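If you're matching positions, the sequence shown starts at 4 in our numbering and goes up one per residue.
We put the beta carbon where it would ideally sit given N, CA and C, even for glycine.
Here the structure is a predicted model, which is why all the values come from computation and not from measurement.
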Amino acid sequence: MGKTFTTPKALSKTHTHYCPGCTHGIVHRLVAEAIDDLGIQGKTVGIAPVGCAVLAYNYFDCDFQEAAHGRAPAMATGIKRVRPDLMVFTYQGDGDLASIGMGEIIHAANRGEKFTTIFINNAIYGMTGGQMAPTTMGGQRATTAPAGRDTAATGMPLRMANLLAELVTPGYITRQAVLKPQQVNKAKKAIKQAFQYQMEGKCFSFVEVVSTCPTNWGMTPLDALKWAEDTLLPYYELGDYKVPE
């Protein structure tokens, strides 16, 4: 009997450090499957951030660089401009990208840099202990907001896909999720499409993925999936926000 589900070649056979129920592992697999499907493993370079995915270079079987906190888009810009033949992607969380790295991602997108960003939105700082992130929902508790985020004082959660889609520069901007099997399938198509646009030299591509963080949300994995579906998705609506002409 043949196998129908195997480890992607672009994914190393290494146990990850992620918490039980964390959806980083799902997104890792989708990225690796897209790399395999497109046959680009030998010329792909990933940029690891500071955050939960700081050790991503251990989990992908392709070249990787480590960037300073929030600076992955700047490093990706340099690599892609020097070696436009390479397939370059950043893999960043909401604290890394939407906070300290806000300037880098906006300007990279506005310049139309030809790399791909995979953005994990789990509405909280994960690795550093559950602090409030730019994406944290109003009323959501965090270690730096024990009574819940006060949007009157801190502003509304940032919707990065919406924000980047407002730029005049052409790009592929989409928001997907990995809370249900149907969403996982759509997320895989989006990630593959993002790499495809890069292969064609068309545009900057950005895939936001709504994810879970059971540990820092203080929930079981199942409760985290339900909370994300009920609370995050009404605000972070899924779908394509910009597609190149």
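7 angstroms Cβ cutoff met for residue i and residue j
| i | j | result |
| --- | --- | --- |
| Leu225 | Ala180 | no |
| Ile50 | Ala75 | yes |
| Ala231 | Leu182 | yes |
| Asn188 | Ile127 | no |
| Phe207 | Glu116 | yes |
Same chain only: Cβ atoms within 7 angstroms of residue i, ignoring 5 sequence neighbours per side
| i | result |
| --- | --- |
| Lys245 | Ala168, Gly174, Tyr175 and Ile176 |
| Val57 | Ala51 and Met130 |
Identified DSSP bridge partners for residue i
| i | result |
| --- | --- |
| Asn124 | Val213 |
| Asp66 | Val48 |
| Met90 | Thr47 |
| Phe207 | Gly174 |
| Arg152 | Gly141 |
| Leu14 | Phe63 |
For residue i, three-class secondary structure by DSSP
| i | result |
| --- | --- |
| Lys191 | helix |
| Arg178 | strand |
| Gln199 | helix |
| Thr146 | coil |
| Tyr239 | coil |
| Tyr60 | helix |
| Gly141 | strand |
Close-in-space but distant-in-sequence residues of the same chain around residue i (CB under 6 angstroms, 5 per side omitted)
| i | result |
| --- | --- |
| Leu41 | Phe198 |
| Thr26 | Val181, Ser214 and Thr215 |
| Thr47 | Ile38, Cys65 and Met90 |
| Gly133 | Ile127, Ala145, Thr146 and Asn219 |
Sequence-distant residues of the same chain with beta carbon closer than 8 angstroms to residue i, five excluded per side
| i | result |
| --- | --- |
| Arg32 | Pro11 and Leu14 |
| Glu248 | Pro173 |
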